[in-house]
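The next block holds one structure in the form of structure tokens; read it before the comments.
Residue numbers (this note's numbering): 99 to 275.
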């Protein structure tokens, strides 16, 4: 019997809780009649850490679910990356819904600094906002503001892989006898 064959034990595989997507997009009219303009978040984000913007479950300030790790404007809108804290009750619930596809919308909570009316499009143009929070929820006002990626390590797949590796090692050991 060779010393290189040893049983593998799965100690723990945790959900990473990582999500990314667009919290807001530019140029499209949302369901409440707002159109966010490019540059609307520039002043609000300047000199501010992503972690200063709250990650909430359904705009509920009592349900903090994680932290944003990166928030930046690009040509499409407000691109975000963050980590849902799956160690908490609310975070685990939110992440389970996100992973299943039941909560794939993102929505911003903000204070309007500068806006103007566009009578032709029957919309309010948001030129500058002070971003306070970004929420995960089942349905948001902006259908294009969505979670694009939910990253997790699947414990069930890891356990099956470990079982298969252990079975293969046992078969090799049995063949050496």
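All residues carry an ideal CB built from backbone N, CA and C; glycine is no exception.
As assigned by DSSP and simplified to three states, the class of residue i
i: residue 229; result: strand
i: residue 123; result: strand
i: residue 144; result: coil
i: residue 175; result: strand
i: residue 273; result: helix
i: residue 191; result: helix
i: residue 247; result: strand
i: residue 132; result: strand
Span separating the alpha-carbon of residue i from that of residue j
i: residue 114; j: residue 218; result: 45 Å
i: residue 127; j: residue 133; result: 5 Å
i: residue 265; j: residue 249; result: 29 Å
i: residue 177; j: residue 188; result: 23 Å
i: residue 215; j: residue 225; result: 11 Å
i: residue 129; j: residue 200; result: 19 Å
i: residue 140; j: residue 232; result: 16 Å
i: residue 149; j: residue 167; result: 6 Å
i: residue 191; j: residue 145; result: 32 Å
i: residue 173; j: residue 269; result: 56 Å
i: residue 124; j: residue 118; result: 17 Å
i: residue 162; j: residue 131; result: 27 Å
i: residue 160; j: residue 208; result: 17 Å
i: residue 136; j: residue 198; result: 32 Å
Pair within 7 Å by beta-carbon distance, residue i and residue j
i: residue 213; j: residue 238; result: no
i: residue 228; j: residue 206; result: no
i: residue 193; j: residue 184; result: yes
i: residue 122; j: residue 243; result: yes
Expected contact under 8 Å - CB spacing of residue i and residue j to nearest Å
i: residue 182; j: residue 143; result: About 21 Å separates the two Cβ atoms, so there is no contact after all.
i: residue 245; j: residue 235; result: The Cβ separation is near 10 Å, so there is no contact.
CB contact below 7 Å: residue i versus chain D
i: residue 227; result: Within the model displayed, chain D is absent; a lone protein chain is all it includes.
Review point. Do the segment 145-155 and the segment 164-182 meet, that is, are 3 or more Cβ pairs less than 8 Å apart?
Key: A contact exists between the segment 145-155 and the segment 164-182.
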